[in-house]
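With the first letter of the sequence shown counted as 1, position 71 gets the number 55 in the numbering used here; the numbers rise by one all the way through.
As structure tokens, the structure follows; a few thoughts come after it.
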Amino acid sequence: MSKSVIVIGTGNAALCAAIAALENGAHVTLLEKADRAMAGGNTKYTAGAMRFAYNGPADLLPLLRNPDDPRVKNADFGSYDTAKFGSDLLGFNDGRPLSEEQEALVNLSGETMRWLASHDVKFEPIFSRQSFEKGGRHVFWGGLTLAAENEGVGLFDMEMAAVEHMGGTVRYNSAVTGLLTEGGRVIGVRLGDEVLHADAVILASGGFEANDELRVKHMGPNWKAAKVRGTPHNTGDGLLMAAEVGAAEYGLYAGCHATPMDLHMADFGNLDLPAGERKNYRKISYFLGVMLNAEGARFVDEGANFRNYTYAQYGAAILDQPGQFAWQIFDSKVFDLLYAEYRFHDAHFVEADTLEALVPLMTGVDPDAATATLAAYNAAVDAQTAFDPTVLDGKATQGLTPPKSNWAQKIDEGPFRAFPVTGGITFTYGGLKVDGQGGVVGKDGSTIPGLFACGEIVGGVFFAGYPGGSGLTSGAVFGRRAGYGASQA
């Protein structure tokens, strides 16, 4: 007799869990807090990029929807092996060794992508954001090459199509309010007065980023001001329900993915826009210019690394500044290199023909200090090294604190633009401990029978940050694991 599995949520991790459980013959019901239009958790808000280990272009071609795209033959994808993926994660661990969860993410990333492709979840090269043209070829950088076709919305649509094709059932407007237990085993869920029984329950309901109270409790008062980039429904419900049945807290609750965002965006990514446009409130081309805080000072190394290694941390850095805002400043030399979100119809910026005229337009910034900072920056730029955005070019400043380690060009050609930004929180890092089958671990160290978890709710995957594209891959890896585990419970 087939097992019955309830999955709480309909984001990437939840859908991967459902696909895996259905593969194993389980009867699967997904319970979604939102209505159909808002289903998908944070997945629809993403650009759909997924980081995974691959040895070269031959590993990528079977994943592509359109491998015959002529640009593919004219692309330098490089390689990105498990050692490099692990090394990149270590760079965000603040001295911690790779966790068990990180080891699983690295080692299972490639096979999980192939598994998704086997269910007609297909991808496309990220020509627009992860490559620069050089010598007539598309040169990819930073180990990140593919995104789901039609970005996060497409990923949701393709995964949901697989679930429905395999016989999964989705109930919308169905907020789970508690877990049912019997003899220490989870046997179902409560939806208000309604009770649903199951052989296993998978928590895939996201983190607590949309809960002001929990953000302040775990992360500090500055996080009250954070813009919430994604769904308003990730309020920590699954974490709270799991705690009620004895689950242990695990991972870095003070940590999160936080990205520079337009200061004037609405919370939750501006829901009056099509989902695919919500990413246009990100402001992640800071590596092509400088960022100044209210005191007119730089506060990060804008060129420390490729932006997909820094953007998830620099939102938090902005929230640490006075007033929780900053300004990103660029000159006309780089306008054509700025990502499309800087030309989005609702992008907020000020413009002037000279820096002297620009600085007073930057509301909330000390103009004298800002002028001095920009002058000192321009004077410190290494004029001998060539600018090359396809590599860590070593074009740096000399004698500045903080330095700008790469892509440091003088800001000296008008017109000039400045964009106001703040920190936008995407997802939180603290969560639950799961075992090798995705089962939730209790405070006593034993696995809670019948309870599984995947996605943002799994702790121990990220600490001080992460290389871009790892989040969706983590959801897929741990979703697949939880689905297989729950279908065998």
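Every residue gets a Cβ at the ideal spot worked out from N, C-alpha and C, and that includes glycine.
Enclosing alpha helix (DSSP H) for residue i [first to last residue]
{"i": "residue 136", "result": "135 to 149"}
{"i": "residue 462", "result": "454 to 471"}
{"i": "residue 162", "result": "Run containing residue 162: none in the alpha helix (DSSP H); it sits in the beta strand (DSSP E), 162 to 166."}
{"i": "residue 426", "result": "No alpha helix (DSSP H) contains residue 426, which DSSP labels as neither H nor E."}
Bridge partner(s) assigned by DSSP for residue i
{"i": "residue 175", "result": "178"}
{"i": "residue 115", "result": "124"}
{"i": "residue 240", "result": "412"}
{"i": "residue 275", "result": "312"}
{"i": "residue 153", "result": "13"}
{"i": "residue 245", "result": "266, 406"}
Contact check, residue i vs residue j, beta carbons under 8 angstroms
{"i": "residue 53", "j": "residue 123", "result": "no"}
{"i": "residue 459", "j": "residue 119", "result": "no"}
{"i": "residue 77", "j": "residue 462", "result": "no"}
{"i": "residue 313", "j": "residue 405", "result": "no"}
{"i": "residue 453", "j": "residue 231", "result": "no"}
{"i": "residue 469", "j": "residue 423", "result": "yes"}
{"i": "residue 271", "j": "residue 277", "result": "no"}
{"i": "residue 44", "j": "residue 153", "result": "no"}
{"i": "residue 214", "j": "residue 26", "result": "yes"}
{"i": "residue 527", "j": "residue -2", "result": "Nothing about residue 527 can be reported from this structure: the residues present for the chain run from -15 to 473 only."}
{"i": "residue 299", "j": "residue 407", "result": "yes"}
{"i": "residue 71", "j": "residue 40", "result": "no"}
Inter-residue spacing [alpha-carbon to alpha-carbon] between residue i and residue j
{"i": "residue -15", "j": "residue 150", "result": "17 angstroms"}
{"i": "residue 383", "j": "residue 397", "result": "23 angstroms"}
{"i": "residue 135", "j": "residue 358", "result": "37 angstroms"}
{"i": "residue 315", "j": "residue 32", "result": "30 angstroms"}
{"i": "residue 327", "j": "residue 9", "result": "48 angstroms"}
{"i": "residue -8", "j": "residue 190", "result": "9 angstroms"}
{"i": "residue 354", "j": "residue 381", "result": "17 angstroms"}
{"i": "residue 205", "j": "residue 296", "result": "19 angstroms"}
{"i": "residue 402", "j": "residue 343", "result": "9 angstroms"}
{"i": "residue 208", "j": "residue 46", "result": "44 angstroms"}
{"i": "residue 338", "j": "residue 274", "result": "16 angstroms"}
{"i": "residue 260", "j": "residue 417", "result": "Model confidence at residue 260 stands at a pLDDT of 47, short of 50, so the residue's coordinates are unreliable; what they give is reported in the following sentence. Spanning the two alpha carbons is a distance of roughly 32 angstroms."}
{"i": "residue 255", "j": "residue 18", "result": "Its pLDDT being 45, under 50, residue 255 is placed unreliably by the model, and the measurement read from it follows with that caveat. Going from the Cα of residue 255 to the Cα of residue 18 covers about 13 angstroms."}
{"i": "residue 369", "j": "residue 377", "result": "8 angstroms"}
{"i": "residue 81", "j": "residue 244", "result": "28 angstroms"}
{"i": "residue -10", "j": "residue 433", "result": "14 angstroms"}
{"i": "residue 101", "j": "residue 393", "result": "42 angstroms"}
{"i": "residue 180", "j": "residue 159", "result": "12 angstroms"}
{"i": "residue 90", "j": "residue 336", "result": "46 angstroms"}
{"i": "residue 325", "j": "residue 319", "result": "12 angstroms"}
Limits of the beta strand (DSSP E) - the one that residue i falls within
{"i": "residue 402", "result": "400 to 412"}
{"i": "residue 109", "result": "107 to 109"}
{"i": "residue 15", "result": "11 to 15"}
{"i": "residue 315", "result": "310 to 315"}
{"i": "residue 433", "result": "431 to 437"}
{"i": "residue -8", "result": "-12 to -8"}
For residue j and residue i, believed in contact at Cβ under 8 angstroms, the rounded distance
{"i": "residue 194", "j": "residue 218", "result": "5 angstroms"}
{"i": "residue 131", "j": "residue 34", "result": "7 angstroms"}
{"i": "residue 6", "j": "residue 155", "result": "Incorrect: roughly 16 angstroms between the Cβ atoms, too far for contact."}
Proximity test, residue i beta-carbon vs the ligand ZN heavy atom, cut-off 7 angstroms
{"i": "residue 463", "result": "Among the ligands in the structure shown, none appear at all, so the ligand ZN cannot be discussed."}
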